[in-house]
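Below is one structure, written out as structure tokens, with a few remarks after it.
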Amino acid sequence: MVIAVRRILIREEYCMGCKLCEINCVAAQVGTGNLIKVYRYVPELPEPNVIVEEHDYVTFALQCRNCDDPSCLKACMTGAMHRDPKTGAIRVNQEKCVGCWMCVMACPFGVIRRNTKEKKVASKCDLCADRGTPGCVEGCPNEALVLVEVRE
């Protein structure tokens with residue numbers, strides 16, 4: 316069965332380090348399109364699932380790569396980390412996650428984080444599964460982040 320896996324293509328040559336992808340990620344998680352009001356009126360903001368890294372003169376956004384052979388999936392002892400059969404994205408079932416952080420240690424990109432605000436569970440980019448286009452992609456003014464579909 317061939318499925319189309321959605322991935323975010325990172326084009327670091329277009330990234331200017333403005334961090335609008337991080338801000339739009341938070342706004343998408345909260346469920347509002349108003350970036351200013353989300354920071355002004357929402358008391359407990361979630362952590363962004365995309366982080367802008369800066370090294371010397373290079374800046375780029377870093378988030379889950381939805382790897383073909385994900386080490387986080389292999390490291391998860393409860394099955395909380397799983398591949399969505401429809402989208403091919405790696406997802407976290409927060410009801411199954413026990414907070415052992417094996418996925419955090421196994422991820423070679425360091426993009427799985429501990430969500431300790433709501434529950435002690437793993438948190439990662441889910442490609443804004445409920446929205447269509449990820450907030451980080453929509454909010455990037457230079458198109459440094461592009462949503463692509465890869466057929467597997």
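Counting in this note's numbering, the sequence shown runs from 316 upward without gaps.
In this text, a Cβ means the ideal position worked out from N, Cα and C, and glycines have one as well.
Q.
Quick check on DSSP: helix, strand or coil for ASN339?
A. helix
Q) Nearest to LEU460 by alpha carbon, out of ARG380, GLN344, ASN349? A) Put simply, of ARG380, GLN344, ASN349 the residue whose alpha carbon is nearest the alpha carbon of LEU460 is ARG380.
**Q.** As assigned by DSSP and simplified to three states, the class of LEU377
**A.** strand
Q: Assign ARG355 to buried or exposed, taking buried as 16 or more other Cβ atoms, counted over all protein chains shown, within 10 Å of its Cβ.
A: exposed
Q: Report yes if the CB atom of CYS382 is closer than 8 Å to the CB atom of MET417, and no otherwise.
A: Annotated as distal: CYS382 and MET417, with beta-carbon spacing of 8 Å or more.
Q: Name the one or two DSSP bridge partners that VAL465 has.
A: VAL320
Q: Just confirm the distance between the C-beta atoms of LYS432 and PRO361, as a whole number of angstroms; I'd bet it's less than 8 Å.
A: 7 Å
Q. If you compare alpha carbons, which of GLU458, HIS397, CYS412 is closest to ILE405?
A. HIS397
Q: Could you pull the start and end residues of the beta strand (DSSP E) that MET396 belongs to?
A: 396-398
Q) alpha helix (DSSP H) containing ALA421: first to last residue? A) 417-421
(Q) Rounding to the nearest angstrom, what Cα-Cα distance links LYS434 and GLU410 in this structure? (A) 10 Å
Q: Over the uninterrupted alpha helix (DSSP H) stretch that includes ILE351, give me the two end residues.
A: 350-356
Q: Quick one: measure Cβ to Cβ for ASN339 and LYS439, integer angstroms, because I've assumed they're closer than 8 Å.
A: Contact doesn't hold; Cβ gap of about 17 Å is too wide.
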